[in-house]
Amino acid sequence: MIRIELPSPLRLLAGVSGEVQLDLAGPVTQRSVVDAIELRYPMLRGAIRDHVTKQRRPFLRFYACGEDLSHESIDAPLPDAVAKGTEPYLVIGSIAGG
Amino acid sequence: MTSVRLLVGTKKGAFILTSDGKRARWKVDGPHFAGYEMYHLKGSPVDPNRIYASQCSGWFGQLMQRSDDGGKTWTAVDNKFTYDGVPGTHQWYDGTPHPWEFKRVWHLEPSLTDPDTVYAGIEDAAMFRTTDGGTSWHELSGLRGHGSGSKWAPGAGGMGLHTILIDPTNHQRIFIAISAAGAFRTDDGGTTWKPINKGLNSLYIPDPTAEVGHCVHRIAMHPSRPNTLFMQKHWDVLRTDDGGENWHEISGNLPTDFGFPIDVHAHEPETVYVVPIKSDAEHFPLDGKLQVYRSRTGGNEWEALTKGLPQKDCYVNVLREAMDVDTMDECGVYFGTTGGQVYASADSGDSWKAIVHDLPAVLSVEVQTLA
Numbered sequence: 059m060i061r062i063e064l065p066s067p068l069r070l071l072a073g074v075s076g077e078v079q080l081d082l083a084g085p086v087t088q089r090s091v092v093d094a095i096e097l098r099y100p101m102l103r104g105a106i107r108d109h110v111t112k113q114r115r116p117f118l119r120f121y122a123c124g125e126d127l128s129h130e131s132i133d134a135p136l137p138d139a140v141a142k143g144t145e146p147y148l149v150i151g152s153i154a155g156g
Numbered sequence: 155m156t157s158v159r160l161l162v163g164t165k166k167g168a169f170i171l172t173s174d175g176k177r178a179r180w181k182v183d184g185p186h187f188a189g190y191e192m193y194h195l196k197g198s199p200v201d202p203n204r205i206y207a208s209q210c211s212g213w214f215g216q217l218m219q220r221s222d223d224g225g226k227t228w229t230a231v232d233n234k235f236t237y238d239g240v241p242g243t244h245q246w247y248d249g250t251p252h253p254w255e256f257k258r259v260w261h262l263e264p265s266l267t268d269p270d271t272v273y274a275g276i277e278d279a280a281m282f283r284t285t286d287g288g289t290s291w292h293e294l295s296g297l298r299g300h301g302s303g304s305k306w307a308p309g310a311g312g313m314g315l316h317t318i319l320i321d322p323t324n325h326q327r328i329f330i331a332i333s334a335a336g337a338f339r340t341d342d343g344g345t346t347w348k349p350i351n352k353g354l355n356s357l358y359i360p361d362p363t364a365e366v367g368h369c370v371h372r373i374a375m376h377p378s379r380p381n382t383l384f385m386q387k388h389w390d391v392l393r394t395d396d397g398g399e400n401w402h403e404i405s406g407n408l409p410t411d412f413g414f415p416i417d418v419h420a421h422e423p424e425t426v427y428v429v430p431i432k433s434d435a436e437h438f439p440l441d442g443k444l445q446v447y448r449s450r451t452g453g454n455e456w457e458a459l460t461k462g463l464p465q466k467d468c469y470v471n472v473l474r475e476a477m478d479v480d481t482m483d484e485c486g487v488y489f490g491t492t493g494g495q496v497y498a499s500a501d502s503g504d505s506w507k508a509i510v511h512d513l514p515a516v517l518s519v520e521v522q523t524l525a
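Listed in order, the protein sequences are those of chains Z and U.
What the first sequence shows, in this note's numbering, is residues 59 to 156, in sequence order.
What the second sequence shows, in this note's numbering, is residues 155 to 525, in sequence order.
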């Protein structure tokens, strides 16, 4: 079970409160986690990453275990703690705009 | 009993303002989608409770919403706008080719006959259509592909397709406008397009009378005269009486002919409204006085409408999508400002009153006259 924390505007859009928990079969990577989020909550498609290129939206960041994973390969395995559900995967709306 | 509903898009959410036919007291509902830029909301003419909304965010990109109950509840619909085929390039600010990239939906124009069909004008400029209530969107790529697309360049606010007008007597004929490419028309429902910019004179482009490249800010039509269009260009107010084949200037005695919105009275096809703005560098009214100008002669002769509008220290702007009229017996006129006011006139513009004073900057105002 993967634990995911979404920023509040995306929680509102998805109609969820608090942490999202998803079961994932296969490798736990940033791609597979976001795939699973979009599968469960189709209204979030395009809001976290581009529909076509799958590139992260520029003002979003992905954190886990105290690390910024935003620039890591989306196919790299996520830390074991995320895969085991002891640490959440964080989707952060970065502070921007001045 | 007849009532009026205003769909107001702002920089930080949408608001729905309602009143009875007297239009004296207003109920303010919102914000809907708090924190999001609401570029445009518009209801279906055949089912006014079916409303579509463009919801944008610098963080989360483009989202699309649909309501089937007049804006009480909303459902997210498809937000995937993929250009048809290989997108190619348009001209960038420095003259170099730049790939077409979807940025946002500027304008939504529901079909005049089918609540499930909606046209969307997007940035980078293209026209999309849904025929399934927003479940999927498909490009009408004949517009970008008609030949001049590679020469289009963005205006300062981006390269947006911001105006869509459907001819009520012939739904195959649609007029659109793009900043900064100009006006275009299709006569076959969007398969093929032609530029309709003859008569436009834009001194800020290398060839002032070029086929494309004009910064058209807004076009308006009275439904009883679909061949007559009124245009607010970057500078100049113009009209055509032959479906866009030829335009001529009608700025007349306007104190400045720069501005963004233009609209037509609901019952008087020769009564036109504009909001003169000082200049392209100074996006606020002349001398700090907010004035709507009205022509009852189809242009050239304009009168200032000031009663109830601030006449000193007013430095707001009125954006292109932020003016509309109702169809009550005495036509109501409405506009929103970047200062967050929405002004209403229940007497064709003779007098004005602010419905609200302190919304976020207003991006769009659409009026629904409800039976």
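For glycine and all other residues, C-beta sits at the position ideal for the given N, C-alpha and C.
Quantities reported herein were computed from a predicted structural model and do not represent experimental measurements.
Exercise. Can the beta-carbon of lysine 196(U) be found less than 7 angstroms from the beta-carbon of leucine 262(U)?
Worked result: yes
Exercise. Among Thr346(U), His371(U), Val272(U), which residue has its Cα nearest to the Cα of proline 199(U)?
Worked result: Taking only the C-alpha atoms, the option nearest proline 199(U) is Val272(U).
For this session: Inspect the beta-carbon positions of alanine 122(Z) and glutamate 145(Z) and report whether they are closer than 7 angstroms.
Result: yes
Exercise. Where tyrosine 247(U) and methionine 313(U) are concerned, what is the direct C-alpha to C-alpha distance, given to the nearest angstrom?
Worked result: 10 angstroms
Exercise. How long is the line joining the alpha carbons of threonine 394(U) and phenylalanine 117(Z), rounded to whole angstroms?
Worked result: 44 angstroms
Exercise. Is glycine 151(Z) close to chain U, meaning its C-beta is less than 7 angstroms from at least one C-beta of that chain?
Worked result: yes
Exercise. Tell me which same chain residues have a C-beta within less than 8 angstroms of the C-beta of leucine 408(U), skipping the five on either side of it?
Worked result: Taking C-beta separations shorter than 8 angstroms and ignoring five residues to either side along the sequence, the partners of leucine 408(U) in its chain run Val391, Val428, Pro430, Tyr447, Trp456, following chain order.
For this session: Find out if the Cβ-Cβ distance for the pair cysteine 210(U), tyrosine 237(U) is shorter than 7 angstroms.
Result: no
Exercise. Would tryptophan 506(U) pass as a contact of leucine 463(U) if the rule is Cβ separation under 7 angstroms?
Worked result: yes
Problem set entry | Buried versus exposed call for proline 281(U) [16 or more other C-beta atoms within 10 Å across all chains shown] | First, the residue type needs correcting, since residue 281(U) is methionine and not proline in the sequence shown. Answer is buried; the Cβ neighbour count reaches 16.
For this session: Name, please, each residue of chain Z whose Cβ falls closer than 8 angstroms to the Cβ of tryptophan 213(U).
Result: Pro65, Pro67, Arg115, Phe117, Leu118, Gly151, Ser152, Ala154
Exercise. What residues from chain U crowd round glycine 76(Z), counting only those whose CB sits closer than 9 angstroms?
Worked result: Within chain U, no residue comes near glycine 76(Z); the closest Cβ sits about 19 angstroms away, beyond 9 angstroms.
Problem set entry | Neighbour flag for leucine 129(Z) against chain U, beta carbons, 7 angstroms | A small correction: the amino acid at residue 129(Z) is histidine; leucine does not occupy that position in the sequence shown. Taking Cβ atoms only, chain U never reaches closer than 7 angstroms to histidine 129(Z), which makes this a no.
Exercise. Taking the C-alpha atoms as reference points, what is the distance between serine 173(U) and valine 496(U)?
Worked result: 14 angstroms
For this session: Would you grab the beta carbon distance between lysine 466(U) and lysine 443(U) for me? Rounded to a whole angstrom, and I think it's under 8 angstroms.
Result: Between lysine 443(U) and lysine 466(U) the Cβ distance is about 7 angstroms, and since that is below 8 angstroms, they are a contact.
Exercise. From serine 502(U) to alanine 420(U), what does the alpha carbon distance come to, in whole angstroms?
Worked result: 9 angstroms
Exercise. Three or more C-beta pairs closer than 8 angstroms, one from the region 161-177 of chain U and one from the region 103-117 of chain Z: is that the case here?
Worked result: no
Exercise. In terms of residues, what are the limits of the beta strand (DSSP E) holding aspartate 183(U)?
Worked result: 181-186
Exercise. Rounded to whole angstroms, how far is the Cβ of leucine 517(U) from the Cβ of glutamate 475(U), which I believe are closer than 8 angstroms?
Worked result: The pair is a contact, with the Cβ atoms about 6 angstroms apart (cut-off 8 angstroms).
Exercise. How about lysine 166(U): is its C-beta nearer than 7 angstroms to some C-beta of chain Z?
Worked result: no
Exercise. In whole angstroms, what separates the C-alpha of threonine 285(U) from that of glycine 143(Z)?
Worked result: 43 angstroms
For this session: Return the chain-ordered list of same chain residues with a C-beta closer than 8 angstroms to the C-beta of serine 295(U), the five sequence neighbours on each side being excluded.
Result: Listed in chain order, the non-local C-beta contacts of serine 295(U) below 8 angstroms within the same chain comprise Tyr237, Asp238, Gly239, Ala280, local neighbours out to five positions each way being set aside.
Exercise. Between the C-alpha atoms of aspartate 268(U) and glycine 184(U), what's the straight-line distance to the nearest angstrom?
Worked result: 28 angstroms
For this session: Could you have a look at arginine 450(U) and say whether DSSP puts it in helix, strand or coil?
Result: coil
Exercise. Does the distance from the C-beta atom of glycine 299(U) to that of alanine 337(U) stay below 7 angstroms?
Worked result: no
For this session: Compare the beta carbon distance of arginine 177(U) and glutamine 216(U) with 7 angstroms and say whether it is the shorter of the two.
Result: no
For this session: Please determine, among Thr243(U), Phe329(U), Val158(U), the residue with the shortest C-alpha to C-alpha distance to glutamate 255(U).
Result: Thr243(U)
Exercise. So, are the CB atoms of isoleucine 332(U) and isoleucine 318(U) less than 7 angstroms apart?
Worked result: With contacts defined as CB atoms closer than 7 angstroms, isoleucine 332(U) and isoleucine 318(U) fail to qualify as a contacting pair.
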